[in-house]
Amino acid sequence: MKSKQENRLIFFYFALYLAAALTIALHQPHFDTPPLFGNPPDEHSRYKVPLYIEEHGSLPTGFEEELFSGDCRWTYGFYTLLPYMIQGAVMKGVSLFTHSPLALLYAARMVNVVSGLFMAYLVLLIGRKVFMDDKIRWLFCFLVTFLPQSLFMHTYVNPDSICMLSTALMIYGLLCGYEDAFSVKSCVLLTTGMVLCILSYYNAYGFLVSSFLLFTAYFVKRKEKWTFDWKNFLKKGCPVALAVILLSGWSFVRNYMLYDGDFIGLRTKEAFIQSYGIARDTFRSSGYSLAYMLTHTSFVPKVIISFLGNYGSGTIYMYKIMYAGYLLLFGAAFVGLFIPGEKSKKTFDAERKAGTERFHTAFFHINMVFCILMPLLLLLKYAYTVDYQAQGRYLMPAVIPIMYYLCYGFQKLPLYRKAGERRKNILFMGIMMFVVLALLLMIFCNAMPVYRMTGVLG
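Residue 316 in the numbering used here sits at position 315 of the sequence shown, and the numbers go up by one each step.
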């Protein structure tokens, strides 16, 4: 792609992200706003945590009444706190100039807007490493960043945004590591991603497992026989492991001391809820099977819809034709994955550059599939055994590998692969325009009319 055209696309890419994310972040309501509930899911409850940190200058334990969510005797103070710590610190800085409730809320939201901007940049870098075809590379970047639900996650107070950023850091760190034999830069990227992941959201912990396995697998070599490079593994791995433990271990030690040996804190949270006589009726406790939940409820379509785009408290939808367009695109791309074809990518393993073997290629893809399945399995388990929530946003930690495989499948479709350059350009521009149009229509035609009814603080 010509340099001038590339630069224009880069400018448009970041400008569109900032315009879209800021529009939502500055206009969506904060509190419950019946009957349409245009407020983002649970933000009013989550926001109490960084507000507590800003006001008290200390971390909550989860038992504080001021953190309670209405009549529900539970709080987000039991969860990982790093995203809220960052938001609380920024809010504290803003409070030096103003104590306006709106300014403090905006300060907290801007942390995630900036997090999404960093993620968009990393996605751009990842795309350059995994796709040789510029059109497919840009399609990958636009799908990850401008999928309506993906962008939405960076516009309100939640831990998901930094969690998504952490997955991008880990993937990019691994890509760089397989190219440069895990230089200091690659190790720093990987370490930063792992620490952010550990301290942000449990749904993405599959990436931690895969990062460790893929880091270890890099040092497996085969010439005449299989060998393991212990020297370099320990030389590069020990500093990474030590940094991760030092930077994230404090959270688990704190939980252990506060919650009587509960390192994660979730068991304590559930016990605290039950101590108030609040029982959760679940499909499991009611004697229904997981298969029953999947086949006799709207769980599957709701998860799909809310993965593509579902704003407010699950109340604001895209136009049906936009859902249909995405399903058609993704369905065709998924079919394309199974079409035999030549390798037209640099691949996650950077096989040609690093001189690694087929083992690394297969192992990398196995782990990426695992990173896709893990959030899905956790969602199913949580919905079945703890709290029925058919929300596709819980799958967002896997958005990068999902879009990678869909774009890889799309480029193998005969419709694209056998087309001439002119037809490829037309197809590329058509899909890119659809992605942008779906996002803009969602924001300005579906969401903004609801936001204007109440204002930000209701």
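Even for Gly, the Cβ is constructed at its ideal location relative to N, Cα and C.
All figures in this text were calculated on a predicted structure; none of them were measured in a lab.
Can you tell me whether Pro-36 is buried or exposed, with buried defined as 16 or more other CB within 10 angstroms of its CB? exposed
Closest to Lys-461 by CA distance: which of Leu-295, Phe-371, Gly-326 is it? A query on residue 461 cannot be resolved here, the shown segment of the chain reaching from 2 to 459 and no further.
Quick one: what's Arg-223 bridged to in DSSP? Trp-227
Under DSSP, the alpha helix (DSSP H) around Arg-418 begins and ends at which residues? 415-418
Own chain, CB closer than 6 Å to Ala-26, minus 5 neighbours either side, in chain order: Arg-110, Val-114, Thr-156
Pick helix, strand or coil for Ile-265, following the three-state DSSP scheme. coil
Just how far apart, CA to CA, sit Met-171 and Phe-143? Each residue's Cα considered, the two are about 20 Å apart.
Anyone know if the C-beta pair for Pro-30 and Met-92 falls short of 8 Å? no
By Cβ distance below 7 Å, which residues in the same chain neighbour Asp-181 in space, the five residues on each side in sequence not counted? These residues qualify, in order along the chain: Ser-187.
Please confirm whether Phe-365 and Val-221 have their CB atoms less than 8 Å apart. no
How far does the alpha helix (DSSP H) with Asn-40 in it reach, from first residue to last? That residue, Asn-40, is in no alpha helix (DSSP H); it is neither H nor E in DSSP.
Roughly how many angstroms lie between the CA atoms of Leu-440 and Phe-147, to the nearest whole one? The straight-line gap from Cα to Cα measures roughly 7 Å.
Cα-Cα, which of Phe-69, Arg-281, Tyr-173, Pro-398 is closest to Leu-190? Measuring from the Cα of Leu-190, the nearest candidate turns out to be Tyr-173.
Would a C-beta distance cut-off of 8 Å place Phe-79 and Leu-200 closer than the cut-off? No, the Cβ-Cβ distance between Phe-79 and Leu-200 is not below 8 Å.
Under the three-state reduction of DSSP, which class applies to Ile-403: helix, strand or coil? helix
In or out: Thr-217 buried (at least 16 other Cβ within 10 Å) or exposed? exposed
Can you name, in chain order, every residue of its own chain whose Cβ lies under 7 Å from the Cβ of Ile-46, other than the five neighbours on each side? Residue identity check: residue 46 is Ser in the sequence provided, not Ile. Hits under 7 Å: Ser-70, Tyr-77.
Count the other C-beta atoms from every protein chain shown that fall within 10 angstroms of the C-beta of Trp-139, then say buried if there are 16 or more, exposed otherwise. Under this definition Trp-139 is a buried residue.
Which residue from Thr-81, Gln-88, Phe-429, Leu-197 puts its Cα closest to that of Val-245? Considering only alpha carbons, the answer is Leu-197.
Based on the DSSP output, what are the partners of Ile-163 in its beta bridges? Ile-163 is not bridged to any residue.
How would you call Ser-307, buried or exposed, if buried means at least 16 neighbouring beta carbons within 10 angstroms? buried
Using alpha carbons as the reference points, say which of Ala-399, Pro-398, Val-400, Leu-379 lies closest to Gln-390. Leu-379
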